[in-house]
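Residue numbers (the numbering used here): 12 to 636. A virtual CB, placed ideally from N, CA and C, is assigned to each residue, including glycine.
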Amino acid sequence: MAAQPVSRMLRLVLRSSVRSCSSGAPVTQPRPGEPSQPAVEPLSSQVPSRRRQFLREHTVPFSAFLTDGFGRRHSYLRISLTEKCNLRCQYCMPEEGVPLTPKADLLTTGEILTLARLFVKEGVDKIRLTGGEPLIRPDVVDVVAQLHRLEGLRTIGITTNGINLARLLPQLQKAGLSAINISLDTLVPAKFEFIVRRKGFHKVMEGIHKAIELGYHPVKVNCVVMRGLNEDELLDFVALTEGLPLDVRFIEYMPFDGNKWNFKKMVSYKEMLDTLQQQWPELEKLPEEESSTAKAFKIPGFRGQVSFITSMSEHFCGTCNRLRITADGNLKVCLFGNSEVSLRDHLRAGASEEELLCIIGAAVGRKKRQHAECFLMRQDSPPAIPSISFRDSLRIQGLRHRVSFSNQMVTLWKRGRLPQTRLLTQQWLGSGLPQRHYSSHLDSDANPKCLSPEPQAPATPSGPLPTSDQLTHVDTEGRAAMVDVGRKPDTERVAVASAMVLLGPVAFKLVQENQLKKGDALVVAQLAGIQAAKVTSQLIPLCHHVSLSHVQVQLELDSTRHAVVIRASCRARGPTGVEMEALTSAAVAALALYDMCKAVSRDIVLSEIKLISKTGGQRGDFHRT
Numbered sequence: 012m013a014a015q016p017v018s019r020m021l022r023l024v025l026r027s028s029v030r031s032c033s034s035g036a037p038v039t040q041p042r043p044g045e046p047s048q049p050a051v052e053p054l055s056s057q058v059p060s061r062r063r064q065f066l067r068e069h070t071v072p073f074s075a076f077l078t079d080g081f082g083r084r085h086s087y088l089r090i091s092l093t094e095k096c097n098l099r100c101q102y103c104m105p106e107e108g109v110p111l112t113p114k115a116d117l118l119t120t121g122e123i124l125t126l127a128r129l130f131v132k133e134g135v136d137k138i139r140l141t142g143g144e145p146l147i148r149p150d151v152v153d154v155v156a157q158l159h160r161l162e163g164l165r166t167i168g169i170t171t172n173g174i175n176l177a178r179l180l181p182q183l184q185k186a187g188l189s190a191i192n193i194s195l196d197t198l199v200p201a202k203f204e205f206i207v208r209r210k211g212f213h214k215v216m217e218g219i220h221k222a223i224e225l226g227y228h229p230v231k232v233n234c235v236v237m238r239g240l241n242e243d244e245l246l247d248f249v250a251l252t253e254g255l256p257l258d259v260r261f262i263e264y265m266p267f268d269g270n271k272w273n274f275k276k277m278v279s280y281k282e283m284l285d286t287l288q289q290q291w292p293e294l295e296k297l298p299e300e301e302s303s304t305a306k307a308f309k310i311p312g313f314r315g316q317v318s319f320i321t322s323m324s325e326h327f328c329g330t331c332n333r334l335r336i337t338a339d340g341n342l343k344v345c346l347f348g349n350s351e352v353s354l355r356d357h358l359r360a361g362a363s364e365e366e367l368l369c370i371i372g373a374a375v376g377r378k379k380r381q382h383a384e385c386f387l388m389r390q391d392s393p394p395a396i397p398s399i400s401f402r403d404s405l406r407i408q409g410l411r412h413r414v415s416f417s418n419q420m421v422t423l424w425k426r427g428r429l430p431q432t433r434l435l436t437q438q439w440l441g442s443g444l445p446q447r448h449y450s451s452h453l454d455s456d457a458n459p460k461c462l463s464p465e466p467q468a469p470a471t472p473s474g475p476l477p478t479s480d481q482l483t484h485v486d487t488e489g490r491a492a493m494v495d496v497g498r499k500p501d502t503e504r505v506a507v508a509s510a511m512v513l514l515g516p517v518a519f520k521l522v523q524e525n526q527l528k529k530g531d532a533l534v535v536a537q538l539a540g541i542q543a544a545k546v547t548s549q550l551i552p553l554c555h556h557v558s559l560s561h562v563q564v565q566l567e568l569d570s571t572r573h574a575v576v577i578r579a580s581c582r583a584r585g586p587t588g589v590e591m592e593a594l595t596s597a598a599v600a601a602l603a604l605y606d607m608c609k610a611v612s613r614d615i616v617l618s619e620i621k622l623i624s625k626t627g628g629q630r631g632d633f634h635r636t
């Protein structure tokens, strides 16, 4: 530690040679689009020969506090400015949000700057501001401006969802923001709204173009690739780089699913690269920068480039130079690790700079060679691991690895080429039009509400529900057979089933306004559902014929998802249940709706066909809660 003062003195000499002018006033960092300033010219062009010789002979040792046991020097700090976010991504949090850390427990602006100043003095030369969504913090421009004054800090970046970017970027640029990463997982407006549960696709695109207009180069676009959701958009994202100076960064999805690994949902770097090379065989690999997390490629003649963040298949732990401070003041030395040290508590307890450095140094010294996921990737059957909390997922937002991927999303947006972004943007529809509700049952006490299309909790029986240890439609020799219900007593049977049809904005508006050339889609689907319930035994081979006493089919428009929610109810008195009749009714109604709208769009998804409830019979009642 005796060498530490000398280290600081030499670092000060180095900084003074590249960050000040003869007047003593600091030289401001160049902004994108402006001519280069001396501060970013090669060292050899600005330092007199004697000083160059001195610096060569007196190399500044990197801070021991920020060097771990494997020799990795941590010069890059990510600071979370807030836990809050103005989107509600399905894989990140529930629609109503989550409990947040009390404001008193979050770092104040002064505490953020105190810690940033300490890290920069020890050798950190790049700070990235993250969240949550950092641009919803009211004083974000002031934070950037004050960070810009720190001697030795070369880069101030921000990772944002882009919603507020176009409005704030001119101020942020003047304050000193030098790098931008924008998170965008889809180029289809309807899919964007479905994923984040909010409108705003056009705002994100506006933010990207504003960054280009103001001279940021490259503008980095982070896209987490998830199988069944957006892997079919790889080529569309790459096509953006032909005319725009973008660095589209494809990030391997972290396959957390509850508390288990599910690697089937991850699209690997090799698979993505193969897809791109089939379309553009001339794709060239670019040299890798030291400590870079990205493998960069470029298509000759294109203005931009594409990169791959291979955090799962080919980890970059060996060159990791990153540390993170969470919004509540915890230091994380590894993005994927559980270990945290509260710098906030020590700061508020009056710890001196030296004491804080010892705490930081101890944490950095405990950093492991690689994160656990790298080891698990090599296992044939990856073991279960503890689940990651929502707050942890906020801290991961810099690369936006997702914590829990909804199976609903895989179903709703699976496969198929998607409409062109520009066309969908021009045809983007609001949700202020009148709602149309159709029901085949017109009693005044009929429930006008359909079930929520939100993911439901697991089904639970309301009473005894004994299960069979063998399939009831298979005989003792394993052949298909119809169940004998001749000896079962007649009871009142009722079953309710539901389905959802995602139409997309264009078809949805035509259905909503009853403008389809084929006719009224809701009425046709309603009649098809009723007819299907009555002929279920003719469609499903081993179903008994049931004399239904009542069939009800309801259809409700859901403007937030551009979807139609279908609810079918069947009633009969007899020895066998009517759940197959209800399920068939809902499914055929959905198929009929598809048939009515397919001329407008083939990108229609039928999903969530499920039994809601059944009553009557020896096995007891069932209600999905």
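Assigned exposure category for residue i - 16 Cβ within 10 Å defines buried
| i | result |
| --- | --- |
| ASP150 | exposed |
| ASP495 | exposed |
| GLN523 | buried |
| LEU368 | buried |
| HIS573 | buried |
| LEU118 | buried |
| ASN349 | exposed |
| GLY376 | exposed |
| ILE551 | exposed |
| ASN525 | exposed |
| GLN288 | exposed |
| GLY35 | The predicted model places GLY35 with a pLDDT of 31, which falls under 50 and marks its position as unreliable; any figure quoted below should be read in that light. Burial call: exposed. |
| GLU503 | exposed |
| ARG89 | buried |
| SER74 | buried |
Inter-residue CB distance, residue i and residue j (contact presumed, cutoff 8 Å)
| i | j | result |
| --- | --- | --- |
| GLY627 | GLY588 | 7 Å |
| PHE248 | VAL259 | 5 Å |
| SER637 | GLY515 | Look at the range of the chain in this structure, 12 to 636, and you will see that residue 637 is not part of it. |
Residues that residue i bridges to, as DSSP identifies them
| i | result |
| --- | --- |
| VAL575 | VAL512 and LEU568 |
| CYS234 | PHE261 |
| HIS220 | Answer is none; HIS220 lacks a bridge partner. |
| ALA305 | ILE320 |
| TYR191 | A small fix is needed here, since residue 191 is Ile in this sequence, not Tyr. Bridge partners of ILE191: ILE169. |
| CYS581 | ALA506 and VAL562 |
| SER638 | Any question about residue 638 goes unanswered here, given that the chain covers just 12 to 636. |
| ARG139 | ARG89 and GLY168 |
| ARG335 | ARG89 and LYS343 |
| THR78 | ARG84 |
| MET277 | MET237 |
| LYS296 | PHE308 |
Option in the options with minimal Cα separation from residue i
| i | options | result |
| --- | --- | --- |
| ALA508 | VAL517, LEU566 and MET493 | LEU566 |
| GLY121 | ARG359, LEU98 and ASP614 | ARG359 |
| ALA536 | THR93, ASP285, THR595 and HIS634 | THR595 |
| SER558 | LEU550, ILE551 and GLU592 | GLU592 |
| ARG83 | LEU251, LEU334 and THR252 | LEU334 |
| GLU162 | PHE130, ARG148, LEU140 and ALA190 | PHE130 |
| LYS379 | ILE336, HIS357, CYS328 and SER363 | CYS328 |
| LYS529 | ASP243, LYS499, MET607 and ALA598 | MET607 |
| LYS214 | LYS202, ASN172 and ILE223 | ASN172 |
| ILE193 | ALA610, GLU144, ARG148 and GLN157 | GLU144 |
| THR286 | SER303, GLU300, THR304 and PHE261 | PHE261 |
| ASP501 | VAL546, GLY585, MET493 and THR78 | GLY585 |
| ILE106 | THR571, SER91 and LYS625 | The residue asked about is misnamed: residue 106 is Glu in this sequence, not Ile. With distances taken between Cα atoms, GLU106 lies closest to THR571. |
| SER303 | ASN332, ILE219 and ALA544 | ASN332 |
| ARG314 | GLU253, ILE147, ALA598 and VAL236 | GLU253 |
Helix, strand or coil at residue i [DSSP, three-state]
| i | result |
| --- | --- |
| GLN629 | coil |
| ALA532 | helix |
| THR502 | strand |
| ARG355 | helix |
| LEU164 | coil |
| ILE371 | helix |
| LEU287 | helix |
| LEU617 | strand |
| GLU133 | coil |
| CYS554 | coil |
| MET104 | coil |
| VAL546 | coil |
Cβ of residue i within 7 Å of any chain C Cβ
| i | result |
| --- | --- |
| ALA600 | This model lacks chain C altogether; it includes just one protein chain. |
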